[in-house]
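A quick write-up on the structure given underneath.
There are 4 protein chains.
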Amino acid sequence: MKHSKFLKHPTIPFEIKEDRSVADALSAMSQTAFQGKNFATAVDVWGSMLKKKVTIFLGVAGAMVPAGMRSIIVYLIENRLIDCLVSTGANLFHDMHESLGRFHYQGNAFIDDVLLQEEGVDRIYDVFASESEFRSLDDYVGHFADTLDLDRPYTTREFLYLLGEKISKESDRDGIVTSAYKAGVPIYCPAIGDSSIGIGLAGRTTGKKFLFDVVADVQETAILSMKAKETGVIYIGGGTPKNFIQQMEVTAGMWDNKVEGHEYAIQITADAPHWGGLSGCTFDEAKSWGKIKKDARMVTVYCDTTIALPLIVTATAQKYKESIAKRTRPDLLKVLAKNKIEDLRRL
Amino acid sequence: MKHSKFLKHPTIPFEIKEDRSVADALSAMSQTAFQGKNFATAVDVWGSMLKKKVTIFLGVAGAMVPAGMRSIIVYLIENRLIDCLVSTGANLFHDMHESLGRFHYQGNAFIDDVLLQEEGVDRIYDVFASESEFRSLDDYVGHFADTLDLDRPYTTREFLYLLGEKISKESDRDGIVTSAYKAGVPIYCPAIGDSSIGIGLAGRTTGKKFLFDVVADVQETAILSMKAKETGVIYIGGGTPKNFIQQMEVTAGMWDNKVEGHEYAIQITADAPHWGGLSGCTFDEAKSWGKIKKDARMVTVYCDTTIALPLIVTATAQKYKESIAKRTRPDLLKVLAKNKIEDLRRL
Amino acid sequence: MKHSKFLKHPTIPFEIKEDRSVADALSAMSQTAFQGKNFATAVDVWGSMLKKKVTIFLGVAGAMVPAGMRSIIVYLIENRLIDCLVSTGANLFHDMHESLGRFHYQGNAFIDDVLLQEEGVDRIYDVFASESEFRSLDDYVGHFADTLDLDRPYTTREFLYLLGEKISKESDRDGIVTSAYKAGVPIYCPAIGDSSIGIGLAGRTTGKKFLFDVVADVQETAILSMKAKETGVIYIGGGTPKNFIQQMEVTAGMWDNKVEGHEYAIQITADAPHWGGLSGCTFDEAKSWGKIKKDARMVTVYCDTTIALPLIVTATAQKYKESIAKRTRPDLLKVLAKNKIEDLRRL
Amino acid sequence: MKHSKFLKHPTIPFEIKEDRSVADALSAMSQTAFQGKNFATAVDVWGSMLKKKVTIFLGVAGAMVPAGMRSIIVYLIENRLIDCLVSTGANLFHDMHESLGRFHYQGNAFIDDVLLQEEGVDRIYDVFASESEFRSLDDYVGHFADTLDLDRPYTTREFLYLLGEKISKESDRDGIVTSAYKAGVPIYCPAIGDSSIGIGLAGRTTGKKFLFDVVADVQETAILSMKAKETGVIYIGGGTPKNFIQQMEVTAGMWDNKVEGHEYAIQITADAPHWGGLSGCTFDEAKSWGKIKKDARMVTVYCDTTIALPLIVTATAQKYKESIAKRTRPDLLKVLAKNKIEDLRRL
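Protein chains in written order, with our numbering: chain A, 1 to 347; chain B, 1001 to 1347; chain C, 2001 to 2347; chain D, 3001 to 3347.
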């Protein structure tokens, strides 16, 4: 019987082997189907970014640091698997909490929350933390702002860079904010007020106002996009980090009249497209807007990030070891120093 | 046979009747189970807020305006079912787009997005819109900023109030931003840079910087919480609006040392708690943080908001008609005028 | 500016009105987007089935009867909105439980289940029931089998018909099984062993074996499909009822060499396509198999059935009142009497 | 500062290491949170079953064989990680399809399904298969039935055992049905009519009826449960396999008046509890019914099975290598031979 052209490449059943590394296992999964195949494909999309001169933006939403994903992001920064980080404020706050010597704790999702509240324990699904420790970090952030030049506004990037500098002097427990500072990896936080960092700054009771320049954040990332040869995006969850990285293509288009879209794209999400929101929307939808390039190499994995991130990054580190070792990171702080917003306005 | 104390109130099967109003139908659903029961319960939690002196905060995430939910939010503002709005930037941008005489279009979620891109059509699940029309609104927003006092920063509330004032003069098609302006309902937008409003402002090519004071947004909402007798929250989706409204309780606690939590709470979401993120987390989890009061009246409905919002609001309008008519909205702008951030710092 | 052909039909914002019936509200929702639009569209797909000579199959999975959806299914049977029912065994068991004078109870999803077990209370999410009452119905079903002709096998349709006859003599509380008996609506239960009906039969301790002829169930439904002018399907959840109704098209194709697919299709599900399972798969996927006709009128609504079923059926009853009143139900029992499996084998 | 008792065990951030095996990676994940932690915990719950005299039941739903999960289930059977299999009919049908030398194919979830239908290609999310090949297996199953003793009914276990025997003689490509036959692992298929096996049998055009004894399936599994020292359950998806394995505890209770519940339990699902259905319900809910023991060792992982199954089984094989090697499988066919249904009725 002659076969349809659609019937060419059989699914290859996954074989259990006792000596499989994570990379081996995911390679085998790439010949299967459903989300298992997408899970494995994410490794290769990431690998193809690492082999070329691609500026890689990582968006991080969800309580990744309390959930033990902090060292993975540090690894990505230190080993040049990403070049720019866009995060919720909460993850950066929780990162500093751990850098300064405190912990999040293994807890239980099914417990009396009123009892926890009486004990001063905050719950994040099955993770517990000390409310009073969080309060002391609120104050720390507030006092840090007092040490800045309050006569001018700061981008969130500058603010987080300086905070990374401060903490890296006070602690040798390396975290996201400190390793990004050391590596010159810019961090943007589009909704920084909407987090304990915002609470800490709101609680300042004396002195001048502290001002963020959130519009300059938008402008800077558009510059990074315009000056990059190619761009790749990796979304851990959706939220503001995803939207912020998506929209930089559109903003850049206001200046150079080209909306080209990111060339590589990975998203790991537990959301779904049919609810119509940005967090769950497909990369195809993003193509209509020009946020993703029409022939982009891309994959969406529907999976909890605490499953996907450890395993996909481990496999990428194992499989693309040489590409990672050879990779030169674009110096984005230098790009920003050379391409001032003021100059671009005259384009 | 003697019955367990757990077996007291039978589920009452829903009867189909040809004369049911939406409120009748939901009343009958309140004796059923699963999400149908929660759906119906949301009406009564909202109704109990309307009967008492509760300051009601509405958080709106997801592409609600493109999906035709705009007039519902206008209704909530005009008829005093809410007192303060916290929104993503996208919804406000899309609202202004419609107020200025343009439309979103009924489309198709399964279509060639590259073709749409070539046609200048942006897709939001099954909704289409004109990219060039969006561009012209980007410019409109940028030019509006040129008319403001660029020597001082603006809260997002002030900015949106003034934008509402401007648009209400130019158009008589009432929308969210304009009706909030007219009614004195404050709107906050915690991630305003992360939206086409941010793109519009980023695209300004001449003149001084425009600065938002996002920390003052945090402080103002904490004041609103502190000065309210009781507070209620309604979350349409999660995202920054949910977190921002939750955190106002914690911020207020930095000044008055009381973290009491919101007394009433409704959330409509298609997310789930087991992914560990803020958008899907339960109100019980929020109790551990003190963001929700331990004996709060509360309900979570797992449902697409485009199903829940039209029906729950219609039923609330029908069932609580008298309470709504009698309700006096707290004048939050007056509260903010009387309670300056500077004064509170001295608490 | 000239508009793209994709920008023709604006989304029309839903307006809150105090006099809306459920049908009015859903009509307005049909001009919106996302799942709200699909929710409303389901009414019109159902309506178009009612206007033509369509044999309508309803598949019911999920604990619909404990959740208070029983009277709705009775309504659908009595008022000729469906012609054949395919159900899980649990729903039929729970239906008989209520027909025989017992109840399911409004409970609480967050409770100590060990305590419930000690109290003899079974939990189904937020519904409670008495274990001992269920046990007595297990026995009832077992004893009923003793009264049948144990020298021959029964289709699930025959068994449930006879059970409906028995219960309708003993009780005047009308339920699914009894109203289907009275109306001549066949009920099939493809996994009848996998439910408390199966437990009841398994528990028979004396006498001959009771045998179901599950293959004849498959054959009969294929006959119903072959002999129908057009077929429509409505899936409340997925599971075996969905698959069973889908596969009748394929089975029929074994005899008449035509696989034409159902002409109308509605599915209400909280599952998603990307997990690859049958319960969440799209009607488009079903077209590749020939289970759904290529130009079928169809809609999928992603929503909890306890929200969708009461409201969609109420709206259909209101909006299509006349079509319903005029509708003549195909007499499927007569079709089965005239078209014996033995005869079809000779096709 | 003194710490709450709830703050004892910090989450330990996952470290990326280049030499991690799958087992190493999952061990590290077990100190994190959310579903990543549950994913890792599943390995240890399975490991604890393997170390003790536990009869392990595996329930398999979803299109696992087309998705390349077939060899994993073969591995589980051959290496004594499970003792009894309960499956949907589709997976067994697809397994025989591959055992007889055919394939499923890597496809694409976003494609024109009408085109596929015209090409004779069936789609299962992103997997393709040949409709005519499936048809020929339908016939194969029908002809196989002709060779059986049509004067008596068969349990699905007997039928599948004999089918395994036949295929193992015709093919040396080992699959689920053949390896189970060789290993003496019983397979039950509670909704066997509701699958292509049912279609194949329905299509028989000559000869006597073939009858399944689905009630005896229920009785046999209750016997297996009663005679086991301890029982463990593993659910890949929900559906009839999950319900069937759950209910065996209740059925056994009809005879011996003890409903004790399974002692170990793992479930991997993409469903959620809040929809109220059996597939997504928690093991806590099952405790109220006595289906799960009150102090059972148990975990639910919310994840696509095509991600979880390859990785969890690989890790279990690596970490519990010795326990697996030493494990003696209970001979369930001997248990069934010794404990006749007829005898148990006299209990």
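Glycine included, every Cβ here is placed at the ideal spot set by N, Cα and C. Please read all numbers here as calculations on a predicted model, not as lab measurements.
Any residues in the segment 2017-2049 of chain C with a beta carbon nearer than 8 Å to a beta carbon of chain B? Which ones, in chain order? For the segment 2017-2049 of chain C, which is checked against every Cβ of chain B, the residues closer than 8 Å are K2017, E2018, D2019, R2020, S2021, V2022, A2025, A2028, M2029, Q2031, T2032, A2033, F2034, Q2035, G2036, K2037, F2039.
Which of helix, strand or coil DSSP assigns to C/M2029: If DSSP states are grouped into helix, strand and coil, C/M2029 belongs with the helices.
Determine the burial state of B/K1008: buried for a count of at least 16 other Cβ atoms within 10 Å of its Cβ, exposed for fewer. Classification for B/K1008: exposed.
Quick one: measure Cβ to Cβ for B/T1088 and B/T1240, integer angstroms, because I've assumed they're closer than 8 Å. Contact flag correct, Cβ pair sits at about 7 Å.
Closer than 7 Å by beta-carbon distance: list the chain B residues that pair up with D/Y3235, in chain order. None at all; the shortest Cβ gap to chain B is about 16 Å.
Would B/H1274 count as contacting chain D if we go by Cβ distances under 8 Å? By this cut-off, B/H1274 is an interface position.
Could you tell me how far apart the beta carbons of A/V250 and A/G290 are, in whole angstroms, since I believe they sit closer than 8 Å? Confirmed, Cβ separation roughly 7 Å.
Given this structure, state the Cα-to-Cα distance separating B/T1011 from B/T1041, to the nearest angstrom. If I take the Cα positions, the gap works out to 14 Å.
What do you reckon, are the CB atoms on B/S1168 and B/F1093 nearer than 8 Å? No, Cβ-Cβ distance for B/S1168 and B/F1093 is not below 8 Å.
If distances are taken between C-alpha atoms only, which option among C/T2314, C/L2333, C/L2278, C/L2081 comes closest to D/I3124? Of C/T2314, C/L2333, C/L2278, C/L2081, the smallest CA-CA separation from D/I3124 is found for C/L2278.
At the level of alpha carbons, what is the spacing between A/A63 and A/V127? Taking the straight line joining both Cα atoms gives about 10 Å.
Would you mind reading off the limits of the beta strand (DSSP E) that contains C/R2070? C/R2070: not part of any beta strand (DSSP E); member of the alpha helix (DSSP H) spanning 2070-2078, first to last residue.
For a cutoff of 8 Å on Cβ pairs, would you count A/D62 as touching chain B? Before going on, a small fix: residue 62 of chain A reads as Gly here, not Asp. Yes - at least one Cβ of chain B is within 8 Å of the one on A/G62.
Can you say whether A/G101 is buried or exposed, counting buried as having 16 or more other CB atoms within 10 angstroms of its CB? Residue burial annotation: A/G101 is exposed, with fewer than 16 other C-beta atoms found within 10 angstroms of its C-beta.
Contact list for A/C303 against chain D, beta-carbon separation under 9 Å: Within chain D, the residues placing a beta-carbon under 9 Å from that of A/C303 are Q3035, C3303, D3304, I3307, ordered along the chain.
CB contact below 8 Å: C/D2172 versus chain D: At a cut-off of 8 Å between C-beta atoms, C/D2172 does not count as an interface residue with respect to chain D.
8 Å is my cut-off, CB to CB: does B/L1218 come that close to chain A? The sequence given here has Val at residue 1218 of chain B, not Leu. With 8 Å as the cut-off, B/V1218 counts as an interface residue toward chain A.
Quick one: what does DSSP say B/L1347 is sitting in, helix, strand or coil? With a pLDDT of 47 at B/L1347, under the threshold of 50, the modelled position of that residue is not reliable, and no figure is offered here.
Classification of D/S3288 by the beta-carbon crowding that lies within 10 angstroms, buried from 16 upward: By the Cβ neighbour-count rule, D/S3288 is buried, with 16 or more other Cβ atoms within 10 Å of its own.
Quick check on C/T2055: does DSSP put it in helix, strand or coil? Note: C/T2055 maps to strand in three-state DSSP.
What number of angstroms, rounded off, separates the C-alpha of D/V3043 from the C-alpha of D/Y3154? Straight-line Cα distance between these residues: approximately 36 Å.
If we cut at 8 Å on Cβ distances, does B/N1348 have a partner in chain A? Outside the displayed span of chain B (1001 to 1347) sits residue 1348 of chain B, for which this structure offers no information.
Tell me the DSSP secondary structure of C/I2082 in three-state form. If DSSP states are grouped into helix, strand and coil, C/I2082 belongs with coil.
Where the alpha helix (DSSP H) through B/Y1140 begins and ends: Secondary structure note for B/Y1140: its alpha helix (DSSP H) is the uninterrupted segment 1131-1146.
CA-to-CA distance, B/K1053 to D/K3294, given in whole angstroms: Those two C-alpha atoms are separated by around 46 Å.
According to DSSP, residues forming a beta bridge with C/T2240: As DSSP reads the structure, C/T2240 sits in no beta bridge.
Closer than 8 Å by beta-carbon distance: list the chain A residues that pair up with D/H3003, in chain order. Proximity of chain A to D/H3003 at the Cβ level (cut-off 8 Å) is accounted for by S130, in chain order.
Checking contacts by CB at 8 Å: is B/G1193 closer than that to chain A? Closer than 8 Å to some Cβ of chain A, the Cβ of B/G1193 qualifies, so yes.
Relative to the C-alpha of D/D3256, which candidate in C/I2268, C/H2274, C/G2203, C/I2073 has its C-alpha closest? It is C/G2203.
Cutting at 7 Å between CB atoms, please list the residues of its own chain near C/S2132, excluding the five before and the five after it. Counting only Cβ-Cβ distances below 7 Å, and skipping sequence neighbours, we find G2120.
Do we get a CB-CB distance below 8 Å when we pair B/K1209 with the residues of chain A? At least one CB atom of chain A sits nearer than 8 Å to the CB of B/K1209.
C/H2262 bridges to which residues according to DSSP? According to DSSP, C/H2262 shares a beta bridge with C/I2292.
Under 8 Å between the Cβ atoms of D/V3086 and D/G3107? No. Outside cutoff.
Where B/Q1158 falls, given that 16 or more other Cβ within 10 Å makes a residue buried: Note that residue 1158 of chain B is Glu in the sequence shown, not Gln. Burial call: buried.
Proximity of B/I1199 and A/Q117 at Cβ, strictly below 8 Å: 8 Å or more divides the Cβ of B/I1199 from the Cβ of A/Q117.
What's the C-alpha gap between B/I1307 and C/K2037? Spanning the alpha carbons of B/I1307 and C/K2037 requires a straight line of approximately 8 Å.
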